[in-house]
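What follows is one structure encoded as structure tokens, with my remarks underneath.
2 protein chains.
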Amino acid sequence: MNLIDSGHSLYVYNRTASKASPAAAKGAVVCESVASLAKQCNIVFTIVSDDAALKNICIGENGLLHHLQTDSVHVSLSTILPQTALDLASLHEQRGQHYLASPVFGRPEAAVAKKLNFTISGNEKIRKQVEPLLREAGGMHVWHFGNDITAANTVKLCGNFLIASALEAIGESIQLAKKSRVDAQQMWDMFSQTLFAAPVYVNYSKIILQEKFEPAAFTMKLGLKDIDLVLQQAASAQQSMPLASLLQKNMQQIISEGNEDIDWSAVSSATLK
Amino acid sequence: MNLIDSGHSLYVYNRTASKASPAAAKGAVVCESVASLAKQCNIVFTIVSDDAALKNICIGENGLLHHLQTDSVHVSLSTILPQTALDLASLHEQRGQHYLASPVFGRPEAAVAKKLNFTISGNEKIRKQVEPLLREAGGMHVWHFGNDITAANTVKLCGNFLIASALEAIGESIQLAKKSRVDAQQMWDMFSQTLFAAPVYVNYSKIILQEKFEPAAFTMKLGLKDIDLVLQQAASAQQSMPLASLLQKNMQQIISEGNEDIDWSAVSSATLK
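Right under this line is the structure:
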């Protein structure tokens, strides 16, 4: 939407056609396939929920790789494994195309308010070319992490791990306060204005205090997907991450109880019953 | 020091007499015992490292309880169990004295800069009487948590638990970034200005990035003491706190390896070797 407002011609595709309607109403051209979109665009942004979905869009006779023109750019906004970024970058390169990793921090309302934080890594010249578009798309900041294509995805995994860790800590603290007959709202009024006066704590402490876990802004299922990626990356780096393992265990338990669609901020509820 | 600057007569006592020298140089009267100090003061602030030390100051023939005059106030700044606060408040009350819980957030440099955050709970009239002194002593804010004497200590335990949780998360994220060949400094430049733009993350990410764990501003031994209190409080509230248990385990391991005097921000190093 922001790109259209900035005067760009926008072509869109979604498996679920109705999801493209709001963009279409603003003048975007709705494409019937990834292939038809790829043929018409010199820069393609993709954002999907996991590594398999992204590979599915890229590879095969209907994929981006087959249909993008030479020198076109694929800007991948999804949270995926660094290794997947490396593999896709290599495949694009073989076809004379470019691949950039640009995972993004910010919920939908941050996109509307143009307060997104984009991370970006890959070929410097292509990064410089794409940066203005990311700003027009809603990026308050574009954070560059160099030419190694894997860097931005590692940073994104670290960021989501840090957020999930904060969610667990906030949840345990609220429960301890409540069970000790302390006004947890009053306690978080203080923390939110002092030691923890940061967006993650300010926003999520409100949600957790009110237990407003539905509708989810980011589901437990997607949260677990990200923590699984964090631990896969840690394993490939031969590092133990006990806090990430704890988060994984809690999320698995909540999902096993049928709550995969509640907000991931409920992560600490696994052990607080 | 701030109290002297504000024009108050200050009497001081420390087991290690030399520690009172800086205050004495500014005009404080150094007392030879808790008892002699108690006889001369109508408001006494105590700050010691654990519950046992505080009880030791209060109870017995040389203690505050025996020597404070009627209607005097004992303001306890230490991080202790809520139950200990309840017990001491009751003992003071039996002698016609007052006890307030006022654990404090802020390192020594924050005291100098008058940027401390005091929490406070206990009798409202006495709280109002003491609040101006806490501001003069360096309190940027004084956060009131009502008449229940235990509340402020619970809030302090929650706060220290939240800080230690952040330390573990920061440490694991930095290690994952480094082992994935990402510039962890650059990553924290971003997080410190965006999602985690809060004092705890800004200050501690610098220390952990540089691995400046000595000299300690707050030792691992004291960190473990606090997490032990958090888990004691959780047990008495019949609550499980898996993240607190993880922190306890890591701190115990670091201390068992002879590193009890390094800064508690090294907590994640237990599992990162």
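Chains as they are written, first to last, in this note's numbering: chain D, 7 to 279; chain L, 7 to 279. Every residue gets a Cβ at the ideal spot worked out from N, C-alpha and C, and that includes glycine.
In the three-state DSSP reduction, D:Tyr-210 falls in the helix class (H, G or I). When rounded, the separation of the alpha-carbon atoms in L:Leu-228 and L:Ser-55 is 7 Å. According to DSSP, L:Thr-225 shares a beta bridge with L:Asp-269. Shown here for L:Ile-53: same chain residues with a beta carbon closer than 6 Å to its own, the five before and five after excluded, namely Leu-83, Ser-84 in chain order.
Shown here, L:Ala-240 sits in a helix according to DSSP, grouped into three states.
Under a criterion of Cβ atoms nearer than 9 Å, no residue of chain L is adjacent to D:Met-257; the nearest Cβ is some 12 Å distant.
Trp-149, Phe-151, Gly-152, Asp-154, Thr-156, Ala-157, Thr-160, Val-161, Leu-163, Cys-164, Gly-165, Phe-167, Leu-168, Ile-169: these are the residues of the segment 148–169 of chain L whose beta carbon lies less than 8 Å from some beta carbon of chain D, given in chain order.
About 6 Å separates the CB atoms of D:His-150 and D:Ile-126; that is less than 8 Å, so the two are in contact. By alpha-carbon distance to D:Ala-158, the top candidate from D:Ala-30, D:Thr-200, D:Met-146, D:Val-81 is D:Val-81. Within the segment 196–212 of chain D, the residues whose Cβ lies closer than 7 Å to some Cβ of chain L are Met-196, Phe-197, Thr-200, Leu-201, Phe-202, Ala-203, Ala-204, Pro-205, Val-206, Tyr-207, listed in chain order. Between the beta-carbon of D:Asn-265 and that of D:Glu-174 there is about 16 Å, and that puts the pair past the 8 Å contact cut. Three or more Cβ pairs drawn from the segment 58–76 of chain L and the segment 28–41 of chain L lie within less than 8 Å of each other, which places the two stretches in contact.
Taking D:Leu-92 as reference, the option from D:Val-236, D:Thr-160, D:Lys-184, D:Phe-202 with the minimal CA-CA separation is D:Thr-160.
Around the beta carbon of L:Asn-166, 16 or more other beta carbons lie within 10 angstroms, which makes this residue buried. With a cut-off of 8 Å on Cβ pairs, the segment 122–140 of chain L is in contact with the segment 92–111 of chain L, counting three or more such pairs.
Put simply, of L:Ser-211, L:Phe-202, L:Ala-29 the residue whose alpha carbon is nearest the alpha carbon of L:Ile-10 is L:Ala-29.
Contact between D:Leu-252 and L:Leu-235 is absent: CB atoms are separated by about 21 Å, not below the 8 Å threshold.
By the neighbour-count criterion, in which 16 or more other beta carbons inside 10 Å mark a residue as buried, L:Gly-177 falls on the buried side.
For L:Ala-107, the three-state secondary structure derived from DSSP is strand. L:Met-7 and L:Val-18 have their C-alpha atoms spaced approximately 11 Å apart. Under the three-state reduction of DSSP, D:Thr-52 is assigned to strand. Within the segment 110–124 of chain D, those residues whose Cβ lies closer than 7 Å to any Cβ of chain L are, in chain order, Phe-111, Asn-123. Distance between D:Val-208 and D:Glu-142, taken at the CA atoms: about 27 Å. Excluding five sequence positions before and after L:Arg-133, the CB atoms of its chain that fall closer than 8 Å to its own CB belong to Leu-106, Ile-126, Ser-127, His-150, given in chain order. By the CB criterion at 8 Å, D:Arg-187 and L:Asp-154 fall inside the cutoff. With a contact defined as Cβ atoms closer than 8 Å, L:Leu-182 and D:Cys-164 qualify at about 6 Å. Of all residues in the segment 53–82 of chain D, none places a beta-carbon less than 8 Å from a beta-carbon of chain L. Non-local C-beta neighbours of D:Asp-267 in its own chain, meaning closer than 8 Å and more than five positions away in sequence, comprise Glu-220, Ala-222, Thr-225, Met-226, Lys-227, ordered along the chain.
D:Asn-48 sits exposed, since fewer than 16 C-beta atoms from the chains shown fall within 10 Å of its C-beta.
Residue contact with chain D for L:Val-136: absent (no Cβ-Cβ distance below 8 Å to any residue of chain D). Among the residues facing chain L, D:Ala-143 is not included, as its CB has no counterpart in that chain under 8 Å away.
When secondary structure is reduced to three states using DSSP, L:Ser-12 falls in the coil class, being assigned neither helix nor strand.
In the structure shown, L:Met-7 falls within a coil segment according to DSSP collapsed to helix, strand and coil. Of all alpha-carbon atoms in D:Ser-246, D:Pro-248, D:Val-273, D:Ser-198, the one lying nearest the alpha-carbon of D:Gln-258 is that of D:Val-273.
Counting along the chain, L:Thr-85 sits inside no alpha helix (DSSP H), nor does DSSP assign it H or E at all. For D:Trp-149, DSSP records a beta bridge to D:Thr-125.
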